[in-house]
Structures are given as C-alpha cells and as structure tokens.
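Numbering (the working numbering), first residue to last: 90 to 433.
Virtual Cβ for every residue (Gly too), placed ideally from N, Cα, C.
Quantities reported herein were computed from a predicted structural model and do not represent experimental measurements.
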Amino acid sequence: MNVNNDHEILISRAGEYLNGLLNEVFHHNSDHRAVVVYDTHCLLSSILSQGYMRCLSDAVFIDFSTTTSDEILEIFNQLQPSDFVALVQSTSFRLNDFRMRIELFKRKIKVIEHPHLSRMSDEEAPYYIDSLAYDCDYYRGVGHALKNKIDTAPSGVLDTGGELLVYGSPFECAKLNIGDYSQMNNVGGQFPLGEVFTEAQDLTAVNGRVKIFSFGDVTYKLNYPKTPITLTIVEGQVVECENSIPEFDQILSNIRRDEGGVVWVRELGFGLNRAFSKTRTVADTGTYERMCGVHLSLGAKHGIYGKPGFKRRDGRYHVDVFADTQTFTLGDQVVYRDGAWIVF
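Given below as structure tokens:
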C-alpha cells in the first residue's frame, strides 16, 4: 500500500467536499475573509487542514499549537459579519473564557466546527471525509419532508426486529441540521451534517421495547456489544435491560445516581448521513449520531425542548443509543426501511 498516495487521495477528496460546503451551505466568496484554526495532532485534522488549504487559498491559517490566545483573538477581532471561520480540532480548542463558536456566532460570523477528531482511528478517516459530501437535494428534500411528517404525526412506532417501541403521542416541532440556515440566526455548527430530531410531546406516552446495537460510553466513544442490548421502556423510562454489558450498566447506574433514580428516554433522532451505517462506523458519538438511522437519548438532559417538571440544571445526562432499526412508522406511513428514508 502506498500510504502517501492514499493520503493524497483523502486530502483531494476532503478539499472537494469542503469546497462544496463552502459554496452550497455557507455561500462563501472572495468578498469575505476566511480563517482556519487547526492542529495536526491526528491524521484527520492533518487531512482536513490541508483540504482547507486547497479550497481557501486566501484564508488566514492558524496553527493552534504554535499561536498564542492573544494572537488568535486579535485575528478574530478583525473579522466582520458573514466572514468565515473553520475550527479543525483533534480535541476541542479553548481560549480562556472565549467560547469560540458561541462568541463568533454573536458576531454574525459563519462557523464550521470539526471537534474531537482524535477520537476516530486512521481507518475511520475515509468515512468521516465522505460524510462531508453535501447532496443539497437529498438533505433538504428528505429533511424538510421528514420534518413535515413528524410535525403532523399523531404517533410513531420504532421496530427493531420484532421489538416495538410505541410513541403514543404527537411529537415536538422537529429541528433540522441539514445545511439550510435560511431561517436560523446562526450559520454553521458542528459538522458533519445530517439530522432531524424531536421527542414525544408526552414523554410518558413512550412504551415498549427497543434493541440497540451501540451506545456512547463514558469516554464519548461508541461501544458495540456483541449482542444487541434490549431496553424495556414504560411511561418513558427504562425499567429493564437485557443482554447488557458492564459499560452500559455503568451508564444506567450513573444516570440513576444523579437524576433521581430514573432513566428517561428523550431525544428521538433521525440521522440522514449516508456515509455512516451499521458497518461504516466512526468512534466519536457526536459524529456518528448523524448515521442514516434512528437514535435515542437516555437521561433527562435535552435543552432544546422544555418539559413540565424538568429543570434544565437538573438534567446531567444525554447519552446517545443507536437503535437496531428495521422500520420506523409515523402515523400509518413507514418512513424508514432497509437502511434508507422513504418519505416521498
């Protein structure tokens, strides 16, 4: 294997996909400045930073490892609304009290953030890079169609191979992460793209059983048990767990210890990104949750949707678990089958 040639292919592909995002999602052009803050502490951060160098030749490139916080802030202070910043991070950049993405958004600056890249192995790098390819018709077509069906559905059923989890309630107004910022205050966020999410309006109306094939563990990496874990959910809470493993038991124990002895099921996430599947996986939970399929969150924390009796400061956990989905039905229509969304 020619490692150098393989890296060149990945850099070229990254440059192509990032250029597509810059054009179709961020509408960036030479009238606005661009800044890329990066490190090279892992393969993915090195590939992405070189990809940006190919499609943003006029940008200011800042090596986070060799640049002081004051120097970075001075460059940021020169930016104007609608300028662009990319953050390519092996872990997560910190500038004292300056929360990069949040503070840049306050200044109306467009931001694309690639955090925690070092959680993914070198072998997973091609999957991550593929996840940056932007198919506008697919993401916006499926995303908006799925949102419309969620917002009007009286109920839903998640089938994980004969185990049924029934949502006997309408859903909260679905939120989109599909690269369409036309109705949003901020332009950008954490990439890759590809998710529509909601939760039951009445959390206690969620009942049944669900098989999960992976979950985010205490290190924020995906854990894949040999046998799918089956959860029994009664009135929105996990009451029983079959085929569990110690790492998952630890998750449930932590949630019960810190959240009043119960494990709530909250987020219902519909991933759209076709670069990820049950067989094309990456270790970082925050990245993999875009996987084309269904995931749920365990724990009381879900800041997007307020609920009576749930205080934001009391919810400490939001643990993503990935359903071994065969079908998902909204109302009387199957919207997911055989690893794909069928919403038209």
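Cβ-heavy atom distance, residue i to the ligand GDP, below 6 Å
i: K315; result: This structure does not include the ligand GDP; it has no bound ligands of any sort.
Counted within 10 angstroms of its Cβ, other Cβ atoms place residue i as buried (16 or more) or exposed
i: L162; result: exposed
i: E97; result: exposed
i: P397; result: exposed
i: N94; result: exposed
i: Q422; result: exposed
i: S119; result: exposed
i: N166; result: exposed
i: Y217; result: buried
i: I100; result: buried
i: T156; result: exposed
i: M273; result: exposed
i: H205; result: buried
i: H117; result: buried
i: E378; result: buried
i: C144; result: buried
i: Y239; result: A small correction: the amino acid at residue 239 is Ile; Tyr does not occupy that position in the sequence shown. By the 10 Å Cβ count, I239 comes out buried.
i: G251; result: exposed
i: Q139; result: buried
i: G395; result: exposed
i: V307; result: exposed
i: K400; result: exposed
i: D248; result: buried
i: P441; result: A query on residue 441 cannot be resolved here, the shown segment of the chain reaching from 90 to 433 and no further.
i: A429; result: exposed
i: M90; result: At M90, the pLDDT of 42 sits below 50, so the modelled position is not reliable and the matter cannot be decided from this model.
i: R405; result: exposed
i: K195; result: exposed
i: T241; result: exposed
i: T368; result: exposed
i: S158; result: exposed
Strand pairing of residue i, partner residues [DSSP]
i: C330; result: L320
i: M380; result: N362
i: D373; result: K310
i: K264; result: F286
i: G278; result: I201
i: D152; result: Y127
i: K300; result: T319
i: S386; result: D409
i: A429; result: R426
i: L357; result: T287 and L385
i: L419; result: G245 and Q422
i: L184; result: F187
i: G305; result: L311
i: V351; result: Answer is none; V351 lacks a bridge partner.
i: V295; result: Y256
Beta-carbon proximity of residue i to residue j, cut-off 7 Å
i: I136; j: A103; result: yes
i: P281; j: N362; result: yes
i: K199; j: V125; result: no
i: L184; j: Y141; result: no
i: I340; j: V295; result: no
i: G230; j: L265; result: no
i: A364; j: M209; result: no
i: G245; j: L419; result: yes
i: I344; j: N332; result: no
i: V114; j: G350; result: no
i: D128; j: F153; result: yes
i: S181; j: S134; result: no
i: T374; j: G278; result: no
i: E329; j: T316; result: no
i: I191; j: A175; result: no
i: A214; j: L110; result: no
i: E348; j: A389; result: yes
Boundaries of the beta strand (DSSP E) in which residue i is found, first to last residue
i: A175; result: F173 to V177
i: H203; result: K199 to H203
i: D248; result: G245 to D248
i: Q167; result: Looking at the DSSP string, Q167 is not in any beta strand (DSSP E), and its letter there is neither H nor E.
i: T368; result: It is not in any beta strand (DSSP E) - T368 carries neither H nor E in the DSSP assignment.
i: A214; result: Per DSSP, A214 belongs to no beta strand (DSSP E); it is in the alpha helix (DSSP H), A214 to D219.
i: F433; result: Element bounds for F433: n/a, residue is neither H nor E.
i: L253; result: L253 to Y256
i: T241; result: Per DSSP, T241 belongs to no beta strand (DSSP E); it is in the alpha helix (DSSP H), C225 to T241.
Run of the alpha helix (DSSP H) containing residue i, from where it starts to where it stops
i: F337; result: P335 to D347
i: L193; result: M189 to K195
i: Y141; result: L132 to C144
Inset, instruction - Could you tell me whether the segment 221 to 228 touches the segment 286 to 305, where touching means 3 or more Cβ pairs closer than 8 Å? - result: no
Inset, instruction - Would you check if the segment 324 to 336 and the segment 349 to 367 touch, i.e. whether three or more CB-CB distances between them fall below 8 Å? - result: yes
Legend entry - Stretch-stretch touch, CB-based, cutoff 8 Å, three pairs: the segment 376 to 385 with the segment 399 to 413: Touching, yes.
Inset, instruction - Answer yes if the segment 278 to 297 comes into contact with the segment 310 to 319, meaning at least three C-beta pairs across the two stretches below 8 Å, and no otherwise. - result: no
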